[in-house]
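Undergrad: Below you'll find the structure I mean.
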């Protein structure tokens, strides 16, 4: 089969089902996935068993969907020139109620069959092949239906689950969350209304209706469709399940995963600190690091791999640095958490590099590269390696991909945090915003007294956790320290920002 006739997201579906035992699709309304699934069904039913062919069982949530799917399959059979096709209704005995019959629609090919079944789990008893569950969120007993469908995987079957959302507590959304969290090893596809438009949906509609396509007409049509759905547009068109609000991480869960032995180190300076001569700021910062950070870094287990995450701020909010030691049992435990308030840019760099130079088996990290954080993220990546430091530009997609896995780590007990009121408050600041977990814009709740916080440590934590889940090749990094007696050099050149020879001399890369 060629890509002719398929929109890109429909072809993506076909290619994914071809190689994946389980494929799950969250989609906008009326994007043509059922039609594309008809082609997939005919392909599987018309192919001989030696070439991967199998029978196909389709389940919609009502009789009309079943009838429509078989019609799609009949149309595709003509396009594919599949021989010996017969289409009609069929009746077979209910495996659990022998005195009753199950009505279905059926299409037979010379190699196999496609059967559109009612939405009852027992209808799959004794079946083997590809199961397609369409608009899964709207089936009466999806959890039991999925159990019945997954049983077909044992003998080489496949499962395709397609749906628009129907609330954040629906089993369909739970399935998607489990996939994103890494709890289910299934293939996940996503196509909202705007992606479908970008890949030709409205052009296809114009083609079918004999209309001329223009960008202006498409933009107008888009607004009309969104207006038609009103408050339901996010769920119906943009793959955002409704009723998503409230704290993402429950207090009881956070307290359960908190460890009173993990220290939180905080440093704040007055506004006048930035006016100090550079050599005095460097010296003050170095002394503070030696007194407060060096003892903690010396306690880090040299046998464990270490990562970090950093959320950056210069004024108002906090910079949080969240080191992570991956324990023997794969639990992510911070040896300490570092918070900086009102610290100049150069000294933030000085402190971060002081920490990273001394973390044993330092593997890599993720850094906030939005706004003012971009510069520090870039030069840190240049210093430690572009493949080790990920510069993160936060987006809805990034949160959607990483937050479910982060939450799963709390639920599984594989990530820990300090038992600290402000740190826990930061993590409680994560909310579901239009179905995606993140710290809402402008939310500066939390903190002691009137101290402003914006979920800073939670963002550093998720960055560090995400970094620790990446596949980074380990290699040795050890800064080459010039002689303490070299002219113009401090005894620790990594902090000697006031001397250009220290910035660009040996060990500066």
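In full-length UniProt numbering, the protein residues as written are 1 to 509. We put the beta carbon where it would ideally sit given N, CA and C, even for glycine. Model, not experiment: these values are computed from the prediction.
1. Taking all protein chains shown into account, do 16 or more other C-beta atoms lie within 10 angstroms of the C-beta of residue 214, making it buried, or fewer, making it exposed?
2. For residue 404, count the other beta carbons within 10 Å of its own beta carbon; 16 or more makes it buried, fewer makes it exposed. Which is it?
3. Could you tell me whether the region 188 to 205 touches the region 14 to 34, where touching means 3 or more Cβ pairs closer than 8 Å?
4. Using only the alpha-carbon positions, how far apart do residue 364 and residue 389 sit?
5. Counting only beta-carbon separations shorter than 8 Å, does residue 287 have a partner in chain B?
6. For residue 43, does the count of other Cβ atoms within 10 angstroms reach 16, so buried, or fall short, so exposed?
7. Quick one: is residue 121 buried, meaning 16 or more other Cβ sit within 10 Å of its Cβ, or exposed?
8. Identify which residue in 407, 309, 430 has its Cα closest to the Cα of residue 470.
9. Indicate the three-state DSSP secondary structure (helix, strand or coil) for residue 212 in the structure shown.
10. Give the straight-line distance between the Cα atoms of residue 90 and residue 142, rounded to the nearest whole angstrom.
11. Counting Cβ pairs, one atom from each stretch, are 3 or more of them under 8 Å apart for the region 71 to 81 and the region 25 to 39?
12. Assuming contact is defined by CB atoms lying nearer than 8 Å, are residue 253 and residue 411 in contact in what I supplied?
13. Helix, strand or coil: how does DSSP classify residue 276 here?
14. Just checking my contact of residue 225 with residue 234 at CB under 8 Å: how many whole Å lie between their CB atoms?
15. Excluding the 5 residues preceding and the 5 following residue 133 in the sequence, name in chain order all residues of the same chain whose CB lies nearer than 6 Å to its CB.
16. Where DSSP assigns a beta bridge to residue 115, which residues make up the other side?
17. Does residue 107 pass the burial test, meaning 16 or more other C-beta atoms within 10 Å, or should it be called exposed?
18. Please look up how many angstroms separate the CB atoms of residue 537 and residue 337, rounded, as I've assumed it's under 8 Å.
19. Kindly identify the DSSP beta-bridge partner or partners of residue 158.
20. So, helix, strand or coil for residue 362, using DSSP?
21. Note the first and the last residue of the continuous beta strand (DSSP E) segment covering residue 180.
22. Please classify residue 306: does DSSP put it in a helix, a strand, or coil?
23. Residue 152: which of 164, 138, 166, 128 sits nearest, CA to CA?
24. Check this for me: beta carbons of residue 438 and residue 465, under 8 Å apart or not?
25. Once the 5 residues before and after residue 170 are set aside, which same chain residues still bring their CB inside 8 Å of it?
26. What are the start and end residues of the alpha helix (DSSP H) that includes residue 340?
27. Please classify residue 300: does DSSP put it in a helix, a strand, or coil?
28. According to DSSP, what are the bridge partners of residue 142?
29. Of all the options 305, 221, 45, which has the alpha carbon lying nearest to the alpha carbon of residue 112?
30. Taking only the alpha-carbon atoms, compute the straight-line gap between residue 28 and residue 196 and give it to the nearest angstrom.
31. Cutting at 6 Å between CB atoms, please list the residues of its own chain near residue 459, excluding the five before and the five after it.
32. Who pairs with residue 332 in a beta bridge, going by DSSP?
33. What residue range does the beta strand (DSSP E) around residue 191 cover?
34. Which residues mark the beginning and the end of the alpha helix (DSSP H) in which residue 10 is found?
35. Comparing alpha-carbon positions, which option in 105, 100, 431 lies nearest residue 71?
36. Cα separation between residue 180 and residue 273?
TA: Straight from the coordinates:
1. Answer is exposed; the Cβ neighbour count stays below 16.
2. Classification for residue 404: buried.
3. yes
4. 5 Å
5. Here there is only one protein chain, and chain B is not present.
6. buried
7. Buried, by the Cβ-count rule.
8. 309
9. coil
10. If I take the Cα positions, the gap works out to 24 Å.
11. By the C-beta criterion, the region 71 to 81 is judged to be in contact with the region 25 to 39, since at least 3 inter-stretch pairs fall below 8 Å.
12. Going by C-beta atoms, residue 253 is nearer than 8 Å to residue 411.
13. coil
14. About 13 Å; that fails the 8 Å criterion.
15. 59, 161
16. The bridge partners DSSP lists for residue 115 are 57, 106.
17. buried
18. The displayed coordinates of the chain run from 1 to 509. Any statement about residue 537 would go beyond what the structure contains.
19. 130
20. strand
21. Unbroken run through residue 180 is the alpha helix (DSSP H), 171 to 180; no beta strand (DSSP E).
22. For residue 306, the secondary structure class from DSSP, reduced to helix, strand or coil, is strand.
23. 128
24. no
25. 137, 142, 241
26. Careful: residue 340 lies outside any alpha helix (DSSP H), inside the beta strand (DSSP E) at 337 to 341.
27. coil
28. Paired residues: none, contrary to the question.
29. 45
30. 8 Å
31. Cβ contact annotation for residue 459 (same chain, cutoff 6 Å, sequence separation greater than five): 311, in chain order.
32. 326, 415
33. 187 to 191
34. Judged by DSSP secondary structure, residue 10 falls within the alpha helix (DSSP H) whose first and last residues are 8 to 19.
35. Taking residue 71 as reference, the option from 105, 100, 431 with the minimal CA-CA separation is 105.
36. 44 Å
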